[in-house]
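Per the UniProt record's numbering, the very first residue in the sequence shown carries number 1; after that it's consecutive.
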Amino acid sequence: MFNKFILPLCSLVLLAGCKKDDDNSPDENPKGGNILLQTNVDSPDGTTGVSYLQLLKSLEGSIDNSNAQQIPIAESANFYGNTMYSFDAGHGDSKDVITAYQYDPTTATLRKGASLKLPTQSMSFSLIKVSDSKAYVPHYGIGEVTIVNPQTMQKTGSIDLKPYSHSDNNPEASYGIVRGNYFYLPLHQVVKQYQPYDDYLQVDVAVIDTRTDKVVKVLSEKSSGLLMATRPTNEGMIFTDEQGDIHIACTGYFGLNPAHKQNGFVCIPAVDTISDTTFDTARTWDISQTTIAGTAYKPASIYNCQYIGNGKVVAYVALAELVDAQNPFASKNALAVLMDLKAKTITPIAGVPYSVPFATGIFHYGNKVALASLSTERVGFYLYDPATGKANFALSTVGVPTVLHQF
Numbered sequence: 001m002f003n004k005f006i007l008p009l010c011s012l013v014l015l016a017g018c019k020k021d022d023d024n025s026p027d028e029n030p031k032g033g034n035i036l037l038q039t040n041v042d043s044p045d046g047t048t049g050v051s052y053l054q055l056l057k058s059l060e061g062s063i064d065n066s067n068a069q070q071i072p073i074a075e076s077a078n079f080y081g082n083t084m085y086s087f088d089a090g091h092g093d094s095k096d097v098i099t100a101y102q103y104d105p106t107t108a109t110l111r112k113g114a115s116l117k118l119p120t121q122s123m124s125f126s127l128i129k130v131s132d133s134k135a136y137v138p139h140y141g142i143g144e145v146t147i148v149n150p151q152t153m154q155k156t157g158s159i160d161l162k163p164y165s166h167s168d169n170n171p172e173a174s175y176g177i178v179r180g181n182y183f184y185l186p187l188h189q190v191v192k193q194y195q196p197y198d199d200y201l202q203v204d205v206a207v208i209d210t211r212t213d214k215v216v217k218v219l220s221e222k223s224s225g226l227l228m229a230t231r232p233t234n235e236g237m238i239f240t241d242e243q244g245d246i247h248i249a250c251t252g253y254f255g256l257n258p259a260h261k262q263n264g265f266v267c268i269p270a271v272d273t274i275s276d277t278t279f280d281t282a283r284t285w286d287i288s289q290t291t292i293a294g295t296a297y298k299p300a301s302i303y304n305c306q307y308i309g310n311g312k313v314v315a316y317v318a319l320a321e322l323v324d325a326q327n328p329f330a331s332k333n334a335l336a337v338l339m340d341l342k343a344k345t346i347t348p349i350a351g352v353p354y355s356v357p358f359a360t361g362i363f364h365y366g367n368k369v370a371l372a373s374l375s376t377e378r379v380g381f382y383l384y385d386p387a388t389g390k391a392n393f394a395l396s397t398v399g400v401p402t403v404l405h406q407f
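Dropping the structure here:
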């Protein structure tokens, strides 16, 4: 059961998007507002599916997909200004393509732009912008980072990561972040069944000089037992705080390995020189040792998170006690919580029900936080207000909401 479960949770696209349906787009150019919503509709067995893009004026009420544009199934997107980058990658018949979409605020429309073909089976889920003319596209499926011009969508180079892999030729590059002149890229280092190596339970982060596109060092955190730093589709799982320190969420074994429950956060503080850059193990937090306030549970994994400032993180954590062994992918075991990185406390967010592992999107929405949910009661978004600590159901959707962005 462990082998079957860790694959979809490592990158949800790998399971939910094995095959896409025919593209019968009802509207070539979504229009209507400045809030972009993407929902995914899967077949009952999870082997087929499509994604829908549409623009909304507000996050309230209910909405279907009748006015949405159908695109190949995707689990992630990146936004810079009025440009969205969407990824047709990671599923069985993917075209391995990044497509740029341009939002026009004057007409409130979204138009499809240029595309870039990526290496076959590259499993690419993010485009991290370095400058107006340079971006990095890490590949989870091959040991490489493609360098692209995000304006022209042309490849301009590549970075070979094969020398930094453990026991094979692919270190499984996940989701990275730029700080100063360096790109910090977590490496999952997993075997073919998307499990960590038994003899390599640690966090690796490649540090790439963005001026030379060379790997200058690989940082390793070996003392805590944390592993699987970030998920390749989840932007919020690596972030900088107000001091410029990098925090990285580590999923561990998703709570499916009783012998190795560690999961939580590691930290790379901001220092003056790259030679002094390393993990601060004193700031590592294994949350599997922290009881969630008001419950008897301790987190078995972090499914997703978003930093909201002042050391606070909104997250979905996994509860191993609520996993249905007969159908783990559909288990409603994801609990919405507020974490305090300074006090090392975890508190449930009242008003948000348990969700399934593949409906755990967390997005900034003005001064609030939108949490995607597929619960026993509803499918859609809950809005959490950090100022009041309260959450309310906001928008009902047809399909699981996977992307939300305000232009």
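Even for Gly, the Cβ is constructed at its ideal location relative to N, Cα and C.
Note that this is a predicted model, so its numbers are computed, not measured.
Point to revise | Residue from K155, P186 and V400 with nearest C-alpha to T116 | key: Sequence check: residue 116 is Leu here, not Thr. Among K155, P186 and V400, the Cα nearest to that of L116 is on K155.
**Study point:** From P386, F381, V400 and S76, residue whose alpha carbon lies closest to that of A394
**Key:** F381
Check your understanding: Are the beta-carbon atoms of A315 and I362 separated by less than 9 angstroms?
Key -> yes
**Study point:** Residue from L335, A372 and A343 with nearest C-alpha to Y354
**Key:** L335
Check your understanding: Should M1 be labelled buried (16 or more other beta-carbon atoms within 10 Å of its own) or exposed?
Key -> Note that M1 has pLDDT 37, beneath the 50 cutoff, so the model's placement of it is unreliable and the number below is only indicative. The residue is exposed, with fewer than 16 neighbouring Cβ atoms inside 10 Å.
Point to revise | Beta carbon of Y197 nearer than 9 angstroms to that of S223 | key: no
Point to revise | Selected residue, minimal CA-CA separation from A173, among C267, V137, W285 and Q151 | key: V137
**Study point:** Beta-carbon separation (whole angstroms), H139 vs M123, contact threshold 8 angstroms
**Key:** The pair is a contact, with the Cβ atoms about 6 angstroms apart (cut-off 8 angstroms).
Practice item. Output the boundary residues of the beta strand (DSSP E) element that contains M339. Key: A334 to D340
Review point. Thinking C-alpha only, which one of I177, G33 and K214 is nearest G236?
Key: I177
Point to revise | Spatially closest choice to S58 from D385, T212 and Y365, by CA coordinates | key: With distances taken between Cα atoms, S58 lies closest to Y365.
Point to revise | Euclidean distance between Cα positions of K31 and K217 | key: 45 angstroms
Exercise for review: Look at the alpha carbon of A350 and the alpha carbon of L383, and state the distance between them as a whole number of angstroms.
Suggested key: Rounded to the nearest angstrom, the two C-alpha atoms are 11 angstroms apart.
Review point. Who are the near neighbours of T277 in its chain, counting only those whose CB is closer than 6 angstroms to its CB and skipping five residues on each side?
Key: V271
**Study point:** Integer-rounded CB distance, given that Y164 should sit under 8 angstroms from V205
**Key:** Not quite, the Cβ-Cβ distance comes to about 10 angstroms (not below 8 angstroms), so this is no contact.
Practice item. Please go through the same chain and pick out, in chain order, the residues whose beta-carbon is closer than 8 angstroms to the beta-carbon of N181, but skip the five residues on each side of it. Key: The residues are D209, T210 and R211.
Review point. In the structure shown, what three-state DSSP assignment does F381 receive?
Key: strand
Review point. So what's K390 in DSSP terms, helix, strand or just coil?
Key: strand
**Study point:** Presumed contact (8 angstroms Cβ cut-off) between D64 and V398, rounded CB distance
**Key:** 5 angstroms
Point to revise | Identified DSSP bridge partners for L59 | key: Note: L59 sits in no beta bridge, so no partner.
Check your understanding: Can you give the Cα-Cα distance for G49 and Q121, rounded to whole angstroms?
Key -> 19 angstroms
Check your understanding: At what residues does the beta strand (DSSP E) containing Y184 begin and finish?
Key -> For Y184, the enclosing beta strand (DSSP E) starts and ends at Y182 to L187.
Check your understanding: Alpha carbon to alpha carbon, how far is F183 from N78?
Key -> 16 angstroms
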